Amino acid sequence: MGESDNIIKEIIPRYVNKYTGSLNPPSAHKLIYDSSSETLEPVYFWILDFLRKTGANVEKLVDNFASSPGGGHFGDMMGRQSQMQQEASRVLATVNTILKGVINLIYDIKEFKIRLSHYIESKSANPNVRQAALLALKQIWMDKVDIQRGQGSINAMSSGNLQFITLRDSFMMVNSVKDVENLDLNDRVKRVLKPRVQEFFEWKIRSEQELRKRFEVEKIYLKSQVSALKLNARWAKPYLKAANQLAQNETLSNNAGMVTMFNTIMLQLDLMAVYGAIDVPDLCAQSPPELPREFKSMKKLREIYPVIFLDFNFRGIPNKYNQHYTFGGRVEVNFKAFGLTKDELILIRYKLEENDLSESLKLVQGMTDDSLMQIQADIEDIFEDDIKDEIEVNDSNPFSALFSLLIPQRKTEKIDKSKEYEKNVLDYYKKNKKLKSDNYAEEYIRNYSEAFAMNRCFNVYDKYKKAHGMETFPYGGDDNEVSVPTTAPERFFNFK
Numbered sequence: 218m219g220e221s222d223n224i225i226k227e228i229i230p231r232y233v234n235k236y237t238g239s240l241n242p243p244s245a246h247k248l249i250y251d252s253s254s255e256t257l258e259p260v261y262f263w264i265l266d267f268l269r270k271t272g273a274n275v276e277k278l279v280d281n282f283a284s285s286p287g288g289g290h291f292g293d294m295m296g297r298q299s300q301m302q303q304e305a306s307r308v309l310a311t312v313n314t315i316l317k318g319v320i321n322l323i324y325d326i327k328e329f330k331i332r333l334s335h336y337i338e339s340k341s342a343n344p345n346v347r348q349a350a351l352l353a354l355k356q357i358w359m360d361k362v363d364i365q366r367g368q369g370s371i372n373a374m375s376s377g378n379l380q381f382i383t384l385r386d387s388f389m390m391v392n393s394v395k396d397v398e399n400l401d402l403n404d405r406v407k408r409v410l411k412p413r414v415q416e417f418f419e420w421k422i423r424s425e426q427e428l429r430k431r432f433e434v435e436k437i438y439l440k441s442q443v444s445a446l447k448l449n450a451r452w453a454k455p456y457l458k459a460a461n462q463l464a465q466n467e468t469l470s471n472n473a474g475m476v477t478m479f480n481t482i483m484l485q486l487d488l489m490a491v492y493g494a495i496d497v498p499d500l501c502a503q504s505p506p507e508l509p510r511e512f513k514s515m516k517k518l519r520e521i522y523p524v525i526f527l528d529f530n531f532r533g534i535p536n537k538y539n540q541h542y543t544f545g546g547r548v549e550v551n552f553k554a555f556g557l558t559k560d561e562l563i564l565i566r567y568k569l570e571e572n573d574l575s576e577s578l579k580l581v582q583g584m585t586d587d588s589l590m591q592i593q594a595d596i597e598d599i600f601e602d603d604i605k606d607e608i609e610v611n612d613s614n615p616f617s618a619l620f621s622l623l624i625p626q627r628k629t630e631k632i633d634k635s636k637e638y639e640k641n642v643l644d645y646y647k648k649n650k651k652l653k654s655d656n657y658a659e660e661y662i663r664n665y666s667e668a669f670a671m672n673r674c675f676n677v678y679d680k681y682k683k684a685h686g687m688e689t690f691p692y693g694g695d696d697n698e699v700s701v702p703t704t705a706p707e708r709f710f711n712f713k
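Spelled out as C-alpha cells, the structure:
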C-alpha cells in the first residue's frame, strides 16, 4: 500500500471498507510486468506520457528507493549522499556566520537611528522637543568628546577643586554663543564656557554628517548581507534535498525481497493524475443533460475532479553501464480511480508535503526563512524610507530594476484568493478533524466524476496491455454510468 493510500483512508471515509478497514476505490486494476532482460523505465514513461496525452495533470507524490548493502549500487549512492552532506554542511556554516552578522548589523543601525533622531528633533518647530533633543546631544558630547580632556572637562571642572560649580548648568542652559553673554556669570566662567559652546555646535554639525554617512554605509552593507544570506540558503537547499533523496527508505529496506548480499534494488513511485474539474453548467446545458438541470442554478458547489492514483513498485537488478545504472526486473502497477473534491486534493497535497519535509530541510528553513521572519519587522523599519522612495519614483531602467532585487522588498498585503481558500480548508480540518460532507448535488457530481475517472483508468490499463501484446478485453469495457446517490436507510435495506 502506497503512502497516498494511507492519506486517502485517513481523510476520506467513503473510500474505506468499514468491515476490513482497507482502501475501497470505485475502480482498481493491477498490472504486473516481469522481465530481467528488459529495463523498467519504458513501463513508467509509457504510462506517464499516455496520461498526459489524455489531458491529465500528473504529479509525482512519492519517490523512494532502497538497495541491498552487498550490491555496488548501495556503495555508489552512499558515496554521493556523503558528498552532498559535506557540501550542505559547508554552506550552512556560511549561512550561520552571515546570520550572526546580520543580527549585529540590525542592532547597530537601530542605535544609529536613535542617535539620528536627536539631531532631527533638535531642528523641530516644537520648542519643548527641540530643547530636549539639544540637551541629549550635549550630554552625549560631554560623555564622548569633552570627557577626553580629563581634568579640563566640564564635568571635572564643575565637581573638582577648580570650583567651576555653575559651568555645567550654564553649558546645558545656553543655545548659542551669544546666549553666554546674557548669563549672569563672572568673566572667568564665560571665558571657559564660550569655546566649549562653540565647539559643541561645530561638533553637532560634523557629527551629524558623519553619522548619516555611517548609517547609509551600514544600510548598504546590511542589504548585501541579507542578499548573501538568501543566496547561500538557496545554495544549501539543493544539497540537502539531494542528500535526502539519496537516503534509502527504511520500509523498503525491511522488505523480504531485500537480501543483504543480493544485488537488488527496490523502487516505489506514486503518481496522481488529476483531470479538469467537472463543468456543471456545461453538462446541465447538454441535450439530453448529463447532470440534472437544477444543478446549474446552485451556488457554492465545490469543484470535483476525476483523479487516478498509480502506484509503481519495482524490484530489479541494477547493472552499471558507464557511469549510470540500468534496471531490469519486476514491476507492479496499481491503478485506482477516485472522484475528489478540491478540499480533499488540498489536504492530500498538504499531508504529503508535511511527510516529505525532512528534518534537514526543516533545519535550513529554520536557519534562514524562520530567522528572517523574526527580524523582518526590523529590516522593514530600517528600509522604510527606501521603500517609500521606490514607490514615489517609478524607475523604468532595467539595470536599476535588476539591482533592486538586492533590496529586501516589503510584501504586499494583497491576499491570494486561492491561498486564502487553502488556508480556510486546512483550518477547518484541523479544528473539526474532518472535511465538510457532500450535499446531494455534490454527491451526484462526485458519482459522475468517479465514472469519468473509472473510464480513464481502465482506458490506460487496457491500452497499455494491448500495445504490448498482453491479454485483455478484445473490444474494451463499456463506459461506466452515473448512479443516483442513495440515503443511509436505502443503503442499509439494500433498496434500489
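FYI, the numbering for the sequence shown is 218 to 713, going by my numbering.
For every residue, glycine included, the Cβ atom is placed at its ideal position computed from N, Cα and C.
Since the model is a prediction, treat every value here as computed from it, not as a measurement.
E659 sits buried, since 16 or more C-beta atoms from the chains shown fall within 10 Å of its C-beta. Pairing D528 with A554, the inter-Cα distance amounts to about 12 Å. With a cut-off of 8 Å on Cβ pairs, the region 363–376 is not in contact with the region 456–469, counting fewer than three such pairs. Annotation: the continuous beta strand (DSSP E) that includes V279 extends over N274 to S284. One alpha carbon belongs to L508, the other to E667, and they sit about 14 Å apart.
Contact annotation, V406 with L384: C-beta distance approximately 6 Å; criterion of less than 8 Å satisfied.
Boundaries of the alpha helix (DSSP H) around P455: D404 to Q462. In this structure the region 549–564 touches the region 222–236; the number of beta carbon pairs closer than 8 Å is three or more. In this structure, the beta-carbon distance from I482 to S284 falls below 7 Å. Note on geometry: alpha-carbon atoms of F381 and M390 lie some 15 Å from one another. Q415 sits away from I315, with the two beta carbons spaced by 7 Å or more. The Cβ neighbour count for H290, taken over all protein chains shown within 10 Å, is at least 16; the residue is labelled buried. With fewer than 16 other CB atoms across the displayed protein chains lying within 10 angstroms of its CB, S299 is exposed. For L354, the closest C-alpha among the options P344, Q365 and S339 is that of S339. Around the beta-carbon of H685, fewer than 16 other beta-carbon atoms lie within 10 Å, marking it exposed. Residue pairing for F555: DSSP places it in a beta bridge opposite V524. In the structure shown, D560 adopts helical secondary structure according to DSSP, grouped into three states.
Beta-bridge analysis with DSSP links D487 to V279 and D528. Looking only at Y492, I662, D595 and R366, the smallest Cα-Cα distance to L500 is reached by I662.
Collapsing the DSSP output to three states places V391 in coil.
With a contact defined as Cβ atoms closer than 8 Å, L562 and V497 miss out at about 17 Å.
The C-alpha of G474 lies about 43 Å from the C-alpha of T311. Beta-bridge partners of K247 (DSSP): N551. For D401, no alpha helix (DSSP H) encloses it, and the DSSP letter there is neither H nor E. For V476, same chain residues with a beta-carbon under 7 Å away, outside a window of 5 residues either side, are S285 in chain order.
Per DSSP, M687 lies in no alpha helix (DSSP H) and is assigned neither H nor E. For K537, DSSP records a beta bridge to Y542. With contacts defined as CB atoms closer than 7 Å, A450 and M301 fail to qualify as a contacting pair. Distance from the CA of S252 to the CA of A670, rounded to the nearest whole angstrom, comes to 30 Å.
Only residues of its own chain outside the window of five on either side were considered, and among them V397, L400, L402, V406 and L410 have a CB closer than 8 Å to the CB of S387, listed in chain order. Per the DSSP secondary-structure output, S252 pairs in a beta bridge with G546.
Looking only at I521, N656 and M478, the smallest Cα-Cα distance to A494 is reached by I521.
Burial is judged here by how many other beta carbons sit within 10 angstroms of a residue's own beta carbon; P506 has fewer than 16 and is exposed.
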